[in-house]
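Before any comments, here is the structure.
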Amino acid sequence: MFHWLNRKFLSPKAFYASSSILLPWLIAAFVLCFSYGLIAGLFLAPADYQQGDGFRIIYVHVPSALTAMSVYFVMAVSAVLTLVFRIKIAAICMSCSAKIGAWFTFLALVTGSIWGKPMWGTWWIWDARLTSVLILLFLYLGFLSLQSVITDQQSRDRAGAIIAIVGVINLPIIHYSVIWWNTLHQGPTITKFAAPSIAPSMLHPLLAMIAAFYLFYAVILLLRMRSQILLREIKSQWVQEEYCHVG
Amino acid sequence: MNRKQKKKLLAVLSVLIVLGAATALVLYALKQNINLFYTPTQLLQAQTYADQHFRIGGYVKKKSVVYDASGTTVRFTITDQTHELSVSYHGVLPNLFREGQGVVVTGMLIDRQHFLANEVLAKHDEKYIPYPLAKELQTQTRQTS
């Protein structure tokens, strides 16, 4: 079973081939979700009763924060697959995700700050939610800087995997920070088991934007992974035959 | 999964469990410091001393907001439904400041009942409602109550 999976999907060569089929579909789905989400979020959704049009920053803030956390989760799962099962493609997925996740975290912090100033009255406050997301950014930066100082590919993957696994403890802390402690940040609107506390006309563009951000991550991840695969497998026969024609 | 992989997976899981437990203990011990504010009730139980700055959180009591003649100094009452605290503040209020709204104020106690704030922040809840719908809901609750 594992060997079949490996031959069909997980080996760098198979992944390189199947990802090229997948990519155009992902890009098309992203363009669809993003354009609907953007137009619906900016124009079709009604203004909020308290925050007026200012609430529309939710359509960037929430998707980027959710993606930032999900990317870290993907990295942690890939890290386990790297450490325990030595799956090459998992290590590539992990190291290619880090920069994307760091940017999404940065975007979540910046948009949150821009939202916080008019509504709360401050750009920044050291409450549990904001601080734990800042720690997420530091985890990403730590991962990236660790990867950049180790030259040996295998030990670089392993060291990165350990950071990724240890840091996963931060994810439930981020999610429950607004419940466990009293904070300035409000509680969850959609990521809870009860019905979302947002009107459907405002929720649909938000869901489209969340899908768009996930798809964007998938597209950028695949593009990065494909170039990383070529770099790592440059000595293998299939890369040589495909790309390094002599003469 | 062969034996070696099983062993490694167990090691990863146990590291996560131990680290998780350690983090949980640390966070539990630091609970008072992680909480952003005291509620008026917690303030009564807390050890405070003169000139100490801290944050109080609660709701602005309905019909308690009073502006002075110049319009830049405001007095209001913060309540957590059990205890209250009277706050005075000189400065610009955030957009969402209004009666019934959750707020977090930073400053110091003048005496047990009075608080002098140098910063007022507004909280908003997790609900997003279109304006016409919110109006309708309001009239509905008024009719039922």
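Heads up: the sequence lines are chains A and B, in that order. So the first sequence is numbered by the working numbering: it starts at 406 and just counts up by one. So the second sequence is numbered by the working numbering: it starts at 1437 and just counts up by one. C-beta: ideal position from N, C-alpha, C; glycine also. Here the structure is a predicted model, which is why all the values come from computation and not from measurement.
Open item on the list: Between the alpha carbons of L471 of chain A and T1577 of chain B, how many angstroms are there, rounded?
Closed with: 34 Å
- [ ] Could you tell me which chain B residues have their CB closer than 7 Å to the CB of Q455 of chain A, listed as they occur along the chain?
- [x] L1532, H1560
Task: Whether I1514 of chain B touches I1546 of chain B by CB criterion (8 Å) - done: no
Open item on the list: Please confirm whether W525 of chain A has its beta-carbon closer than 8 Å to some beta-carbon of chain B.
Closed with: yes
Task: Selection from A:Y619, A:V583, A:L415, A:I584 that minimises the alpha carbon distance to I497 of chain A - done: A:L415
- [ ] For D532 of chain A, decide whether its Cβ has a neighbour in chain B, counting only Cβ atoms nearer than 8 Å.
- [x] yes
Open item on the list: Measuring only the C-alpha atoms, how far is G442 of chain A from F621 of chain A?
Closed with: 13 Å
TODO: Would you list, in chain order, the members of the region 1462-1475 of chain B that have their beta-carbon closer than 8 Å to a beta-carbon of chain A?
DONE: L1463, K1467, I1470, N1471, L1472, F1473, T1475
- [ ] Measuring only between beta-carbons, confirm whether L514 of chain A sits less than 8 Å from chain B.
- [x] no
TODO: Would you mind sorting V1451 of chain B into buried or exposed? The rule is 16 or more other CB atoms within 10 Å of its CB.
DONE: exposed
Task: Distance between beta carbons of Y421 of chain A and I655 of chain A, contact taken as under 8 Å - done: This structure gives no information on residue 655 of chain A, because the portion of chain A shown stretches from 406 to 652.
Task: Residues of its chain near L549 of chain A, where Cβ-Cβ distance is below 8 Å and the 5 sequence neighbours each way are ignored - done: A503, K504, A507
- [ ] Could you tell me which chain A residues have their CB closer than 7 Å to the CB of I1492 of chain B, listed as they occur along the chain?
- [x] Chain A residues near I1492 of chain B: none, gap ~11 Å exceeds 7 Å.
TODO: Report the rounded CA-to-CA distance for K1467 of chain B versus K640 of chain A, giving the unit in angstroms.
DONE: 54 Å
Task: Proximal residues of chain A, C-beta to C-beta of Q1441 of chain B below 8 Å - done: V489, F490
Task: Contact list for G1507 of chain B against chain A, beta-carbon separation under 9 Å - done: Here the premise fails: no neighbours, minimum Cβ distance about 18 Å.
TODO: Anything in chain B within Cβ reach of A604 of chain A, meaning under 7 Å, just list it in chain order.
DONE: Y1564, I1565, P1566, L1569
Open item on the list: Is it buried or exposed, K1559 of chain B, if we count other Cβ atoms within 10 angstroms and call 16 or more buried?
Closed with: buried
Task: Sequence-distant residues of the same chain with beta carbon closer than 8 Å to L627 of chain A, five excluded per side - done: S424, L427, L428, L431
TODO: Return the chain-ordered list of same chain residues with a C-beta closer than 6 Å to the C-beta of S1582 of chain B, the five sequence neighbours on each side being excluded.
DONE: For residue 1582 of chain B there is no data in the structure shown, the boundaries of chain B being 1437 and 1581.
Open item on the list: If you reduce the DSSP assignment to three classes, tell me which class E646 of chain A lands in.
Closed with: helix
Task: Partners in chain A for L1557 of chain B, counting only beta-carbon separations shorter than 8 Å - done: W525, G526, T527, I530, L589
TODO: Name, please, each residue of chain B whose Cβ falls closer than 8 Å to the Cβ of G592 of chain A.
DONE: D1561, E1562
TODO: Provide the residue span of the alpha helix (DSSP H) that contains A473 of chain A, from first to last.
DONE: 463-490
- [ ] State yes or no: is the beta carbon of G1536 of chain B nearer than 8 Å to at least one beta carbon in chain A?
- [x] no
Task: R1439 of chain B, buried or exposed, once every other Cβ within 10 Å from all chains shown has been counted against 16 - done: exposed
Task: DSSP three-state assignment for H1560 of chain B, whether helix, strand or coil - done: coil
- [ ] Look up G1494 of chain B in the DSSP assignment and say whether it is helix, strand or coil.
- [x] strand
- [ ] Taking all protein chains shown into account, decide if N587 of chain A is buried (16 or more other Cβ within 10 angstroms of its Cβ) or exposed.
- [x] buried
Open item on the list: According to DSSP, simplified to helix, strand and coil, what is H609 of chain A?
Closed with: helix
Open item on the list: So F439 of chain A and A617 of chain A are supposed to be a Cβ contact under 8 Å. How far apart are they, rounded?
Closed with: 4 Å
Task: Helix, strand or coil at E1535 of chain B [DSSP, three-state] - done: coil
TODO: Specify whether the region 1461-1476 of chain B and the region 591-609 of chain A touch according to this definition: at least 3 beta carbon pairs, one from each stretch, less than 8 Å apart.
DONE: no
Task: As assigned by DSSP and simplified to three states, the class of M1437 of chain B - done: coil
Task: Proximal residues of chain B, C-beta to C-beta of A452 of chain A below 9 Å - done: P1566, Y1567
TODO: Could you check the C-alpha separation between A564 of chain A and D557 of chain A for me, to the nearest Å?
DONE: 11 Å
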